[in-house]
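Have a look at the structure below before the remarks.
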Amino acid sequence: MTNFVLVHGSFHGPWCWDDVAEKLRAAGHNVLTPDLGAASHEGIYPDLNDYAAHVAKAVLSCGGRVILVGHSMGGLVISQALKLIGHRLSALVYVSGLMLRDGETLQSFLGQHATLGVEDLVLKHMTISENGALASFPATMAPEIFYNRCTSAQAAWASARLRPQPTAVYATPLTLARIGASRYYIACEDDRAVSVLYQRQMLENSPCDKIYNLDTDHSPFLSAQVPLLGILNEIIKQT
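In this text, residue positions in the sequence shown follow the working numbering: the first is 675, and each later residue adds one.
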């Protein structure tokens, strides 16, 4: 039995992992899917440190070492959580995850690599609230950008569940711990949200123990469940 903590990305919730979590549990594994909500406390929205602390609680609640998986923005969260619970992790797994260097923010990464010439479709279509605290993504664009390899039913189901995302997460510098948990990257080759060029640049900046490639969109937890589960099972054997 292996402990998994599966962390969702921007605009999403634990629901995106439902099918994968169910299949892992059916195989005898313990799986938690923490909710990185957007609720504010007295007008203050959570930042990357708040999310990392929330994920750390989930990891510590497991009875043993954990494979910590982060999708998209969830990659930032699992990296930030490493300093809190690195001793409890057997592996970090980034699923088209944002994997930055120590001291970087998502904002600084995008600025530094503007020369890549990527048309960032998420930035292009998302809107920011008047107070700057929340970003929203239009459900009408999600099938084309997040779910382009999903069935129409999957895309409609997921698009209807998108929610606002606190922007403070994107401006919080990463504080990367020097703890030796193995790192694996699952690159999504038809990803229109985190482009292949961004993924390659992050891997060049921050090499991993092993890279897996999936011919899939940004959402393999829906569109490529069988190969994704196959990779996770391979990682179990290596940890």
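Note that the Cβ used here is the ideal one computed from N, Cα and C, for glycine as well. As the structure is a prediction and not an experimental result, all values here were calculated from the model.
So is His686 buried or exposed if we call it buried at 16+ other beta carbons inside 10 Å?
Here residue 686 refers to the residue found at position 12 of the sequence shown. Counting of Cβ neighbours within 10 angstroms places His686 among the buried residues, the total reaching 16 or more.
With distance defined between alpha-carbon atoms, name the residue in Thr707, Thr779, Lys697 nearest to Pro688.
Stepping through the sequence shown from its first residue, residue 688 is reached at position 14. Ranking Thr707, Thr779, Lys697 by Cα distance to Pro688 puts Thr707 first.
Residues of its chain near Ala898, where Cβ-Cβ distance is below 6 Å and the 5 sequence neighbours each way are ignored:
Against the sequence shown, residue 898 aligns to sequence position 224. Excluding sequence neighbours, Ala898 sits near Leu888, Thr890.
7 Å Cβ cutoff met for Ser880 and Met773
In the sequence shown, residue 880 corresponds to position 206, counting from 1. In the sequence shown, residue 773 corresponds to position 99, counting from 1. In contact: Ser880 and Met773 (Cβ atoms closer than 7 Å).
Please list the terminal residues of the continuous alpha helix (DSSP H) segment that includes Ser880.
As a working note, residue 880 is residue 206 in the sequence shown. From DSSP, Ser880 is part of no alpha helix (DSSP H); its letter is neither H nor E.
Quick check: Ile759 and Val733, are their CB atoms within less than 7 Å of each other?
Here residue 759 refers to the residue found at position 85 when the sequence shown is read from its first residue. Here residue 733 refers to the residue found at position 59 when the sequence shown is read from its first residue. A contact, by the Cβ cut-off of 7 Å.
Other residues of its chain near Thr913: CB distance less than 7 Å, five sequence neighbours each side excluded:
Along the sequence shown, one-based indexing puts residue 913 at 239. Excluding sequence neighbours, Thr913 sits near Ile741, Ser764, Ala765, Ser856.
Rounded distance between the beta-carbons of Val796 and Ile819, thought under 8 Å
Against the sequence shown, residue 819 aligns to sequence position 145. Against the sequence shown, residue 796 aligns to sequence position 122. Right, the Cβ-Cβ distance comes to about 7 Å (below 8 Å), so this counts as a contact.
Is the CB-CB distance between Ala829 and Tyr821 below 7 Å?
In the sequence shown, counting from the first residue as 1, residue 829 sits at position 155. In the sequence shown, counting from the first residue as 1, residue 821 sits at position 147. Yes, these two residues count as a Cβ contact at 7 Å.
Smallest Cα separation from Gly748: which of Arg699, Leu780, Cys824?
Numbered from its first residue, the sequence shown carries residue 748 at position 74. Put simply, of Arg699, Leu780, Cys824 the residue whose alpha carbon is nearest the alpha carbon of Gly748 is Leu780.
Name, in chain order, the residues that DSSP records as bridge partners for Ile853.
Locating residue 853 in the sequence shown gives position 179, counting from the first residue. Answer is none; Ile853 lacks a bridge partner.
Less than 6 Å between C-beta atoms, sequence neighbours within five positions excluded: which residues of the same chain meet that for Ile802?
Position 128 of the sequence shown, counted from the start, is the residue given in the question as residue 802. Spatial neighbours of Ile802 in its own chain (CB-CB distance under 6 Å, excluding positions within 5 residues in sequence) are listed in chain order as Ala809.
Compare the Cα-Cα distances from Ser770 to each of His703, Glu878, Asp865, Gln875 and report the closest residue.
As a first step, residue 770 must be located in the sequence shown, where it is residue number 96. Cα-wise, what sits closest to Ser770 is Asp865.
Got a sec, what are the start and stop residues for the beta strand (DSSP E) Ser810 sits in?
In the sequence shown, the residue the question calls residue 810 occupies position 136. It spans 808-810 - the beta strand (DSSP E) in which Ser810 sits, taken as one unbroken run.
Could you say which of Leu784, Gly777, Phe895 lies nearest to Gln875 if we only look at CA atoms?
In the sequence shown, residue 875 corresponds to position 201, counting from 1. Minimum Cα distance to Gln875 is reached at Leu784.
In three-state terms, what does DSSP make of Ser636?
Any answer about residue 636 is impossible in this case: the structure gives the chain only from 675 up to 913.
Just checking: is the beta-carbon of Ser893 within a distance shorter than 7 Å of some beta-carbon in chain D?
Checking the listed chains, one finds no chain D in this structure; it contains a single protein chain.
Which word fits His927, buried or exposed, when buried means at least 16 other C-beta atoms lie within 10 angstroms of its C-beta?
Given a span of 675 to 913 for the chain in the structure shown, any question on residue 927 remains unanswerable.
Residues in the same chain with beta-carbon distance under 6 Å from Arg699, minus the five sequence neighbours each way, listed in chain order, please.
Within the sequence shown, numbered from 1, the residue matching residue 699 stands at position 25. Cβ neighbours of Arg699 beyond the five flanking positions: Val705.
List in chain order: all unbroken alpha helix (DSSP H) runs of 4+ residues lying wholly within the segment 715-778.
If one requires a minimum length of 4 residues, the alpha helix (DSSP H) runs lying completely within the segment 715-778 are 722-734, 748-759, in chain order.
Measuring CA to CA, which of Gln873, Glu696, Tyr725, Leu877 is closest to Asp794?
Counting from 1 along the sequence shown, the entry for residue 794 is found at position 120. Comparing Cα positions, the closest option is Gln873.
How about Ala842 and Asp721: are their beta carbons less than 7 Å apart?
Indexing the sequence shown from 1 puts residue 842 at position 168. Indexing the sequence shown from 1 puts residue 721 at position 47. Cβ atoms of Ala842 and Asp721: closer than 7 Å.
Measure how close the beta-carbons of Ile860 and Tyr886 come, nearest whole angstrom, since I'm counting them as under 8 Å.
As a first step, residue 860 is located in the sequence shown; it is residue number 186 there, counting from the start. As a first step, residue 886 is located in the sequence shown; it is residue number 212 there, counting from the start. Yes, they are in contact, since the Cβ atoms of Ile860 and Tyr886 sit about 5 Å apart, within 8 Å.
Of all the options Glu696, Tyr858, Met800, Ile853, which has the alpha carbon lying nearest to the alpha carbon of Glu908?
Within the sequence shown, residue 908 is the residue found at index 234, counting from 1. Among Glu696, Tyr858, Met800, Ile853, the Cα nearest to that of Glu908 is on Tyr858.
Are the beta-carbon atoms of His745 and His799 separated by less than 7 Å?
Looking up residue 745 in the sequence shown gives position 71. Looking up residue 799 in the sequence shown gives position 125. No, the pair does not count as a contact, with Cβ atoms beyond the cut-off.
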